[in-house]
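A short write-up of the structure that comes next.
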Amino acid sequence: MSAPVIRPARPDDAAALAVLGRQTFIDTFVTGFGIPYPVADLTAFLDASFNAEAITTKLAEPGAAWWVAERDGELLAFANAGPNTLPHPDGRASHAELRRLYVGKPAQGLGLGTQLLKVALEWMEAYTDGPLWIGVWSGNEKAQKLYAAYGFEKAGEYQYPVGAWMDDEFILRRG
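Per UniProt numbering, numbering through the sequence shown is continuous, rising by one, with the last residue being 175.
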(Lines of atoms letter the chains of each structure in order from A and count residues from 1; the text may use other names and numbers.)
(Lines give C-alpha, C1' and ligand atoms only; values in the text may rest on other atoms or scores of the structure.)
Protein backbone atom coordinates (compact mmCIF):
# COMPACT_ATOMS: atom_id res chain seq x y z
CA MET A 1 0.00 0.00 0.00
CA SER A 2 1.42 3.36 -1.02
CA ALA A 3 1.29 6.63 0.93
CA PRO A 4 -1.72 8.91 0.35
CA VAL A 5 -1.24 11.71 -2.19
CA ILE A 6 -3.03 15.06 -2.11
CA ARG A 7 -3.95 16.45 -5.50
CA PRO A 8 -6.50 18.75 -7.09
CA ALA A 9 -9.84 17.06 -7.68
CA ARG A 10 -10.81 16.25 -11.27
CA PRO A 11 -14.23 15.95 -12.93
CA ASP A 12 -13.82 12.16 -13.05
CA ASP A 13 -13.66 12.18 -9.21
CA ALA A 14 -17.28 13.33 -8.93
CA ALA A 15 -18.87 9.91 -8.35
CA ALA A 16 -16.26 8.89 -5.76
CA LEU A 17 -16.55 12.29 -4.03
CA ALA A 18 -20.31 11.83 -3.81
CA VAL A 19 -19.93 8.39 -2.20
CA LEU A 20 -17.20 9.59 0.19
CA GLY A 21 -19.09 12.76 1.15
CA ARG A 22 -22.33 10.91 1.79
CA GLN A 23 -20.70 8.20 3.91
CA THR A 24 -18.53 10.66 5.84
CA PHE A 25 -21.55 12.83 6.66
CA ILE A 26 -23.42 9.78 7.97
CA ASP A 27 -20.40 8.47 9.92
CA THR A 28 -19.69 11.87 11.45
CA PHE A 29 -23.02 13.45 12.19
CA VAL A 30 -25.50 10.56 12.39
CA THR A 31 -23.43 7.70 13.80
CA GLY A 32 -20.67 9.71 15.51
CA PHE A 33 -22.54 12.65 17.01
CA GLY A 34 -25.95 11.00 17.06
CA ILE A 35 -27.85 13.91 15.55
CA PRO A 36 -31.45 12.63 15.25
CA TYR A 37 -32.17 13.87 11.74
CA PRO A 38 -35.62 12.85 10.55
CA VAL A 39 -35.16 10.24 7.80
CA ALA A 40 -36.88 12.35 5.14
CA ASP A 41 -34.70 15.39 5.91
CA LEU A 42 -31.47 13.39 5.96
CA THR A 43 -32.35 11.59 2.73
CA ALA A 44 -33.27 14.83 0.95
CA PHE A 45 -30.03 16.49 2.08
CA LEU A 46 -27.79 13.56 1.16
CA ASP A 47 -29.48 13.05 -2.21
CA ALA A 48 -29.17 16.74 -3.10
CA SER A 49 -25.63 17.27 -1.76
CA PHE A 50 -23.85 14.04 -2.57
CA ASN A 51 -24.65 12.89 -6.06
CA ALA A 52 -22.28 12.82 -9.03
CA GLU A 53 -24.20 15.48 -10.97
CA ALA A 54 -24.21 17.97 -8.08
CA ILE A 55 -20.52 17.36 -7.38
CA THR A 56 -19.65 17.76 -11.07
CA THR A 57 -21.38 21.15 -11.03
CA LYS A 58 -19.59 22.17 -7.83
CA LEU A 59 -16.20 21.09 -9.21
CA ALA A 60 -16.72 23.50 -12.12
CA GLU A 61 -17.80 26.45 -9.95
CA PRO A 62 -15.82 29.59 -10.84
CA GLY A 63 -13.56 30.70 -8.00
CA ALA A 64 -13.73 27.39 -6.12
CA ALA A 65 -11.11 24.71 -5.57
CA TRP A 66 -11.21 21.07 -4.52
CA TRP A 67 -8.48 18.72 -3.34
CA VAL A 68 -8.55 15.01 -2.63
CA ALA A 69 -6.36 12.67 -0.65
CA GLU A 70 -5.98 9.49 -2.66
CA ARG A 71 -4.22 6.20 -2.06
CA ASP A 72 -3.97 3.48 -4.69
CA GLY A 73 -6.88 4.97 -6.65
CA GLU A 74 -9.19 5.28 -3.62
CA LEU A 75 -10.35 8.67 -2.35
CA LEU A 76 -9.84 8.94 1.40
CA ALA A 77 -10.59 12.60 2.14
CA PHE A 78 -11.35 15.91 0.45
CA ALA A 79 -11.49 19.65 1.00
CA ASN A 80 -13.38 22.36 -0.85
CA ALA A 81 -12.91 26.13 -0.68
CA GLY A 82 -14.42 28.98 -2.61
CA PRO A 83 -16.09 32.37 -2.38
CA ASN A 84 -17.59 33.01 1.05
CA THR A 85 -21.26 32.13 1.44
CA LEU A 86 -21.59 32.35 5.23
CA PRO A 87 -24.26 34.73 6.56
CA HIS A 88 -22.10 37.13 8.54
CA PRO A 89 -22.47 40.93 8.27
CA ASP A 90 -18.72 41.34 7.60
CA GLY A 91 -18.57 38.46 5.12
CA ARG A 92 -18.21 39.14 1.40
CA ALA A 93 -18.21 36.81 -1.60
CA SER A 94 -14.70 38.09 -2.35
CA HIS A 95 -13.52 36.50 0.90
CA ALA A 96 -12.59 32.81 0.95
CA GLU A 97 -14.50 30.08 2.79
CA LEU A 98 -13.46 26.55 3.64
CA ARG A 99 -16.70 24.84 2.74
CA ARG A 100 -15.95 21.21 3.47
CA LEU A 101 -13.13 19.21 5.00
CA TYR A 102 -14.15 15.54 5.09
CA VAL A 103 -11.96 12.62 6.09
CA GLY A 104 -13.46 9.18 5.62
CA LYS A 105 -13.63 7.06 8.76
CA PRO A 106 -11.05 4.48 7.53
CA ALA A 107 -8.52 7.30 6.92
CA GLN A 108 -8.94 9.17 10.21
CA GLY A 109 -5.74 9.46 12.22
CA LEU A 110 -3.49 9.62 9.13
CA GLY A 111 -3.10 13.41 9.33
CA LEU A 112 -4.96 13.94 6.05
CA GLY A 113 -7.37 16.49 7.52
CA THR A 114 -4.49 18.69 8.65
CA GLN A 115 -2.67 18.27 5.35
CA LEU A 116 -5.77 19.19 3.36
CA LEU A 117 -6.45 22.13 5.68
CA LYS A 118 -2.95 23.50 5.05
CA VAL A 119 -3.37 23.18 1.27
CA ALA A 120 -6.79 24.84 1.41
CA LEU A 121 -5.59 27.69 3.64
CA GLU A 122 -2.67 28.42 1.33
CA TRP A 123 -5.07 28.61 -1.61
CA MET A 124 -7.58 30.68 0.35
CA GLU A 125 -4.90 33.21 1.36
CA ALA A 126 -3.97 33.62 -2.31
CA TYR A 127 -7.57 34.11 -3.48
CA THR A 128 -9.15 36.50 -1.00
CA ASP A 129 -9.25 40.20 -0.33
CA GLY A 130 -10.28 39.79 3.29
CA PRO A 131 -10.59 37.34 6.14
CA LEU A 132 -10.94 33.58 5.81
CA TRP A 133 -14.19 31.92 6.89
CA ILE A 134 -15.32 28.48 8.06
CA GLY A 135 -18.71 27.19 9.15
CA VAL A 136 -18.55 24.33 11.67
CA TRP A 137 -21.21 22.38 13.53
CA SER A 138 -21.52 23.75 17.07
CA GLY A 139 -21.00 20.31 18.62
CA ASN A 140 -17.86 19.40 16.67
CA GLU A 141 -15.28 20.43 19.27
CA LYS A 142 -12.46 18.48 17.62
CA ALA A 143 -12.85 20.47 14.39
CA GLN A 144 -13.19 23.73 16.33
CA LYS A 145 -9.90 23.02 18.16
CA LEU A 146 -8.15 22.24 14.87
CA TYR A 147 -9.35 25.49 13.32
CA ALA A 148 -8.43 27.47 16.45
CA ALA A 149 -4.89 26.10 16.18
CA TYR A 150 -4.75 27.80 12.76
CA GLY A 151 -5.94 31.16 14.08
CA PHE A 152 -9.71 30.92 13.58
CA GLU A 153 -12.01 32.49 16.15
CA LYS A 154 -15.76 32.34 16.58
CA ALA A 155 -17.37 35.30 14.84
CA GLY A 156 -21.02 34.32 14.81
CA GLU A 157 -23.66 31.64 14.57
CA TYR A 158 -26.16 30.51 11.97
CA GLN A 159 -28.38 27.60 11.10
CA TYR A 160 -27.46 25.12 8.37
CA PRO A 161 -30.34 23.23 6.73
CA VAL A 162 -30.27 19.45 6.54
CA GLY A 163 -33.59 19.07 4.78
CA ALA A 164 -36.03 20.96 7.01
CA TRP A 165 -33.87 20.22 10.09
CA MET A 166 -31.65 23.12 11.13
CA ASP A 167 -28.19 22.46 12.57
CA ASP A 168 -26.72 25.08 14.91
CA GLU A 169 -23.40 26.14 13.37
CA PHE A 170 -20.58 28.47 14.36
CA ILE A 171 -19.03 30.93 11.94
CA LEU A 172 -15.25 31.09 12.38
CA ARG A 173 -13.03 33.83 10.99
CA ARG A 174 -9.32 34.37 10.63
CA GLY A 175 -8.01 37.80 9.76
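C-beta atoms are modelled at their ideal positions from N, C-alpha and C, and glycine is treated no differently.
What three-state label does DSSP hand residue i in the structure shown?
{"i": "Phe45", "result": "helix"}
{"i": "Phe37", "result": "First, the amino acid is wrong: residue 37 is Tyr here, not Phe. In the structure shown, Tyr37 sits in coil (DSSP, three-state: anything other than H, G, I, E or B)."}
{"i": "Met1", "result": "coil"}
{"i": "Glu74", "result": "strand"}
{"i": "Pro161", "result": "strand"}
{"i": "Ala149", "result": "helix"}
{"i": "Ala96", "result": "strand"}
{"i": "Pro62", "result": "coil"}
{"i": "Thr128", "result": "coil"}
{"i": "Gln108", "result": "coil"}
{"i": "residue 239", "result": "The question about residue 239 has no answer here: the residues shown for the chain are numbered 1 through 175."}
Are there 16 or more other CB atoms within 10 angstroms of the CB of residue i, so buried, or fewer, so exposed?
{"i": "Val103", "result": "buried"}
{"i": "Glu153", "result": "exposed"}
{"i": "Pro89", "result": "exposed"}
{"i": "Thr31", "result": "exposed"}
{"i": "Asp47", "result": "exposed"}
For residue i, which residues does DSSP report across the bridge?
{"i": "Leu101", "result": "Ala79"}
{"i": "Gly135", "result": "Ile171"}
{"i": "Gly156", "result": "Ile171"}
{"i": "Pro87", "result": "The partner list for Pro87 (beta bridge, DSSP) is empty, contrary to what the question assumes."}
{"i": "Arg7", "result": "Val68"}
{"i": "Met166", "result": "Pro161"}
Residues in its own chain within less than 7 Å of residue i by CB, not counting five upstream and five downstream?
{"i": "Ala16", "result": "Leu75"}
{"i": "Tyr147", "result": "Ile134, Val136 and Leu172"}
{"i": "Gln159", "result": "Met166, Asp167, Asp168 and Glu169"}
{"i": "Ala14", "result": "Ala52, Ile55, Thr56 and Leu59"}
Who are the near neighbours of residue i in its chain, counting only those whose CB is closer than 8 Å to its CB and skipping five residues on each side?
{"i": "Phe33", "result": "Trp137, Gly139 and Asn140"}
{"i": "Glu157", "result": "Ser138, Asp168, Glu169, Phe170 and Ile171"}
If you drop the 5 nearest sequence neighbours on each side, which residues of the same chain put their C-beta closer than 6 Å to that of residue i?
{"i": "Ala107", "result": "Leu76 and Ala77"}
{"i": "Leu20", "result": "Leu75 and Gly104"}
{"i": "Pro87", "result": "Tyr158"}
{"i": "Ala64", "result": "Gly82"}
- Query: Do the stretch 52-64 and the stretch 30-44 meet, that is, are 3 or more Cβ pairs less than 8 Å apart?
  - Reply: Taking 8 Å as the limit for Cβ pairs, the verdict is that the stretch 30-44 does not touch the stretch 52-64.
- Task: For the stretch 76-85 and the stretch 109-123, state whether three or more C-beta atom pairs, one from each stretch, are separated by less than 8 Å.
- Result: Look at the beta carbons and you see the stretch 76-85 touching the stretch 109-123: at least three pairs across the two are nearer than 8 Å.
- Segment contact, 8 Å Cβ cut-off, at least three pairs: the stretch 58-77 with the stretch 2-16: The stretch 58-77 vs the stretch 2-16: in contact.
- Query: Is the number of C-beta pairs between the stretch 125-133 and the stretch 91-99 that are closer than 8 Å three or more?
  - Reply: Enough Cβ pairs lie closer than 8 Å, so yes.
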